[in-house]
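Data first, discussion second: the structure below is written as structure tokens.
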Amino acid sequence: MSRYSLATLARHAWRSNAHWPEALPERPLKPSYDAVIVGAGGHGLAAAWYLASQHGMTNIAVVDKGWLGGGNVARNTTIVRSNYFHPARRAMTNRALELWRGLSQELNYNVMFSPRGIINLAHSSSQMDDLARRGNAMMVDGVGAELLSVEDIRRRVPILDTDPQARHPIVGGMVQHEAGTARHDAVAWGYARAAMALGVDIFQNCEVTGIETREGRVESVNTGRGRIATPRLALCAAGGTSHLARMVGLTMPLENHLLQACVTEPVKPVLDCIVTHGVHNFYISQTDKGELVLGGDIDGYNNATSVGDLRTFEEIARVCLSLFPGFEQLRVMRTWGGVVDMSMDGSPILSHTSIDGLYVNAGWCYGGFKATPAAGEVLAAMIATDTTPSLAAEFGLDRFTTGAVVSEEGHGPRPWMYH
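Sequential numbering of the sequence shown, starting at 1, is according to our numbering.
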């Protein structure tokens, strides 16, 4: 596979760009692999890359029923942050932030990581108290956080409506300067190319139709292209995880919900950070092309498709205009939805299962994309060593029977409430 560099670009430009090799060459399916990962999204591809680069396991297959990057990894709002209150969530995403910073160089692929900062707005004194509590917890762990006054926010985001008579008056906020955005499809292609360069096989349009076990251990996986023998199988299929787990008799504590987003027509640079609403689950940023990326809440009912309803976009538009009245005339250009697997405590499942050799990476709710590098690194270590890395210690599947849940919001077993 071609390694990207200035010299490579110049050489191919001299040849009129007519001789580039295939970005993802098709390979024949082997009858057996040392490990199989189901799901060619960010987490599955990242796990394959770290298995090969950090643990020397290259006889690996990644299979997906669709196309590479066709799922949640490219159906999000590209936000990368680690401003969590719970230590386990914060540690995982902070490790991800460390990896994001050098990911383009590591993968030889520009993932367009942009640490532009994220501002959480507060609209009451109690919300400011909550942000102060979370910010103090972050700083104890060395994660940067800064409380902002209304005047600080006005200087940082002058286009924001900070009038005391606004629909949702702003009383302050908190910023994490290290947070930012990354190009979602570039992340998928970067991990895929880097993993394949080390010998990993990736198969698109290769749906899993069954999982075979013997004496409580994974033996093989059946796909649309044939049977694959393997002693290690990792499920990284987001909304498809529950379906796959049922193939071996496991019931996952997950619900599938649709999360929708949209982008406006491009405009000149007006927003150089991410802004989130402190009452509604709304977030906005501006892309390098000038489009405004708008996201909101989940649709609120179980859904296993990418088809949502207009009500969500109406709510997104209302909240957006309450903060940014100047965007009133902008046209929405594209919309999309991703199926997110919401766990019963709002935190991920990164765990061994009762079946030897079967690992589950699921339940990331709203936080899957931002954790991509760390989730892949941790899952790779779990597969390679058959142990539980410290970052995954609190995310075991058994926490739902022991009661040791990881509840960031404290809402209990109500997945639809975990914003």
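Note that beta-carbon positions come from the ideal geometry of N, C-alpha and C, so glycine has one too.
Per the DSSP calculation, residue i is bridged to which residue(s)?
i      : result
Arg214 : Arg217
Leu350 : Asn361
Ser285 : Val293
Ile274 : Ile118
Leu254 : Ser343
Gln260 : Gly337
Determine the closest residue to residue i out of the options, with distance taken between C-alpha atoms.
i      : options                           : result
Asn108 : Phe203, Leu6, Asp129 and Asp272   : Leu6
Ile159 : Arg133, Ser285 and Met138         : Ser285
Ala195 : Ser242, Ala371 and His43          : His43
Ala429 : Ile383, Ala404, Ala375 and Ala304 : Since the first and last residues shown for the chain are 1 and 419, residue 429 lies out of range.
Ser124 : Ala137, Glu98 and Arg167          : Arg167
Asp398 : Tyr359, Pro415 and Ala381         : Tyr359
Gly66  : Pro31, Phe113, Pro25 and Glu207   : Glu207
Ser104 : Tyr191, Asn256 and Ala47          : Tyr191
Leu294 : Gly308, Ala317 and Thr181         : Ala317
Ala381 : Asn205, Val248 and Met57          : Met57
Asn205 : Arg11, Gly396 and Asp64           : Asp64
Gly363 : Val307, Thr312, Asn256 and Thr305 : Asn256
Arg116 : Ala91, Val150 and Arg156          : Arg156
Ile60  : Val73, Leu45, Gly71 and Pro389    : Leu45
Glu106 : Tyr301, Val150 and Arg193         : Arg193
Asn361 : Leu244, Met138 and Gln329         : Leu244
If we call anything under 8 Å between Cβ atoms a contact, is residue i one with residue j?
i      : j      : result
Ile118 : Ile153 : no
Pro373 : Trp100 : yes
Thr228 : Tyr33  : Looking at the sequence shown, residue 228 is not Thr but Ile. Yes.
Val422 : Thr401 : Because residue 422 is not part of the residues shown, which for the chain are 1 to 419, the question remains open.
Glu394 : Val406 : yes
Ala392 : Leu350 : yes
Leu323 : Asp130 : no
Val175 : Leu148 : yes
Ala238 : Gly368 : yes
Ser343 : Cys365 : yes
Arg89  : Ser347 : yes
Ser2   : Pro31  : no
Just checking my contact of residue i with residue j at CB under 8 Å: how many whole Å lie between their CB atoms?
i      : j      : result
Leu258 : Asp299 : 5 Å
Val111 : Val187 : 5 Å
Lys370 : Thr93  : 6 Å
Arg225 : Leu29  : 5 Å
Gly290 : Pro266 : 3 Å
Thr209 : Asn222 : 5 Å
Phe282 : Gly180 : Phe282 to Gly180, Cβ: 18 Å. No contact.
Notebook entry, point to check: Is it a yes or a no for the stretch 257-277 touching the stretch 343-362, going by three-plus beta-carbon pairs under 8 Å?
Noted result: Output reads no: the stretch 343-362 does not touch the stretch 257-277.
Notebook entry, point to check: Is the stretch 72-81 close to the stretch 212-221, with three or more CB pairs under 8 Å?
Noted result: no
Notebook entry, point to check: For the stretch 31-38 against the stretch 232-245, are there 3 or more C-beta pairs whose distance is under 8 Å?
Noted result: yes
Next item on the list: Would you check if the stretch 327-343 and the stretch 189-203 touch, i.e. whether three or more CB-CB distances between them fall below 8 Å?
Entry: Fewer than three pairs of CB atoms, one per stretch, sit closer than 8 Å, so the stretch 189-203 makes no contact with the stretch 327-343.
Next item on the list: Could you tell me whether the stretch 81-89 touches the stretch 140-153, where touching means 3 or more Cβ pairs closer than 8 Å?
Entry: yes
Margin query: Would you call the stretch 242-258 in contact with the stretch 49-61, where contact means no fewer than 3 C-beta pairs closer than 8 Å?
Written below: No contact exists between the stretch 242-258 and the stretch 49-61.
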